[in-house]
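Take 7 as the starting number for the sequence shown in our numbering and just add one per residue.
Note that the Cβ used here is the ideal one computed from N, Cα and C, for glycine as well.
Report on one structure; see the data block that follows.
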Amino acid sequence: MSPDFRARRRVLWTVGSLLAVVLLVAGTWIVVDDHDNDAAEGPTDAVSIPSPSIGPPPGPTGAAVVVDFATTRSLRDVPAARTLESGRNSRPMAVEQGALRHGNPTGTDAASYIELPLPRPVTRLGLTAAFPRTGGFVAAVAFDGSVVDAMAARRTFPYAGIHFVADDHTWDLGVFDPEIGANTIARGEWTRPDGGDGPVAFEINRTGSVLTVTLPDGRRSSVADPRVGAWTGRWATWELYEPRPGVTPAAITSMWAS
7 MSPDFRARRR
17 VLWTVGSLLA
27 VVLLVAGTWI
37 VVDDHDNDAA
47 EGPTDAVSIP
57 SPSIGPPPGP
67 TGAAVVVDFA
77 TTRSLRDVPA
87 ARTLESGRNS
97 RPMAVEQGAL
107 RHGNPTGTDA
117 ASYIELPLPR
127 PVTRLGLTAA
137 FPRTGGFVAA
147 VAFDGSVVDA
157 MAARRTFPYA
167 GIHFVADDHT
177 WDLGVFDPEI
187 GANTIARGEW
197 TRPDGGDGPV
207 AFEINRTGSV
217 LTVTLPDGRR
227 SSVADPRVGA
237 WTGRWATWEL
247 YEPRPGVTPA
257 AITSMWAS
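In structure tokens:
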């Protein structure tokens with residue numbers, strides 16, 4: 007994840023790369039690659055078009071680490087958790103009113119991070135979030151190093167093999183390369199299963215270099231990329247983010263990881 011919003015939304019693929027996006031749906035492999043791109047055109051979008059299957063909605067049952075902010079009163083009550091503030095908000099990340107929140111943005115690229123180290127590389131990452139309409143973003147990321155340590159040492163952000171971002175109607179899944187920012191490999195829109203306005207759940211599961219996103223209504227989309235397996239570390243990280251002042255922040259009501 008990067009403090010630069012433009013990098014977050016950028017889709018950069020090196021021309022002539024051997025990387026390919028592979029969509030897995032009901033046992034069918036659909037390959038989308040950029041081998042035929044004209045070098046003069048520069049980087050292009052090479053993004054899978056999800057053809058989802060349907061299953062149960064996501065939830066934290068069976069996860070190794072589960073944090074429910076309805077019962078967690080303070081970040082001090084989350085073992086081994088560390089936080090990081092990037093950009094400017096009116097107040098830092100904290101547990102308030104049964105959710106993980108931060109204040110309204112007072113500058114561009116306002117972000118708050120919370121990271122939890124796991125014993126081994128992340129295979130499951132999820133959260134429930136409450137979104138204001140046309141408001142801020144939430145993210146779930148699996149870095150191969152500590153974001154908090156990197157920022158303290160004034161180093162670039164680590165690589166990440168899972169980089170999931172959602173707002174009140176869209177989702178974006180990719181990897182994070184510190185040299186070029188967020189690199190999208192799949193994206194789409196999501197809908198509420200009940201038509202309400204309460205918190206909704208998202209989950210990303212990893213098997214080797216294959217990621218499967220489960221949306222609030224139970225739709226599942228899978229995508230493979232060799233960078234997923236190479237860059238996924240044991241630092242499970244969640245984020246609240248707003249690109250500019252005037253955007254109302256989202257809130258994370260629970261989070262889980264394995």
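- If you keep only unbroken beta strand (DSSP E) runs of at least 3 residues inside the region 128–197, you get 130–136, 143–149, 166–172, 176–183 and 187–195.
- Relative to residue 79, the option among 70, 72, 64 and 105 whose CA is nearest is 105.
- In this structure residue 111 touches residue 251 by the C-beta definition: roughly 5 Å separates them, less than 8 Å.
- Within its own chain, the residues whose Cβ lies closer than 6 Å to the Cβ of residue 114, once the five positions on either side in sequence are excluded, are 250, listed in chain order.
- Partner residues in a beta bridge of residue 259, as assigned by DSSP, do not exist.
- The closest CA to that of residue 225, considering only 67, 193 and 213, is found on 193.
- If you draw a straight line from the Cα of residue 232 to the Cα of residue 215, it is about 5 Å long.
- Boundaries for residue 88: no alpha helix (DSSP H) harbours it, while the beta strand (DSSP E) harbouring it runs 88–92, taken from the DSSP string.
- Here residue 98 is exposed: its Cβ has fewer than 16 other Cβ atoms, across all protein chains shown, within 10 Å.
- The Cβ atoms of residue 258 and residue 71 do not sit closer than 8 Å to each other.
- Beyond the five residues adjoining it in sequence on each side, residue 126 comes within less than 8 Å, by CB distance, of 240 in the same chain, given in chain order.
- When the Cα atoms are used, residue 160 and residue 89 turn out to be separated by approximately 16 Å.
- The Cβ-Cβ distance between residue 262 and residue 66 falls below 8 Å.
- Within the same chain, Cβ atoms closer than 6 Å to the Cβ of residue 129 are found at 212 and 264, the five residues on either side in sequence being excluded.
- Note on residue 236: under 16 other CB atoms within 10 angstroms of its CB, so exposed under the neighbour-count rule.
- Rounded to whole angstroms, the separation of the alpha carbons of residue 248 and residue 168 is 20 Å.
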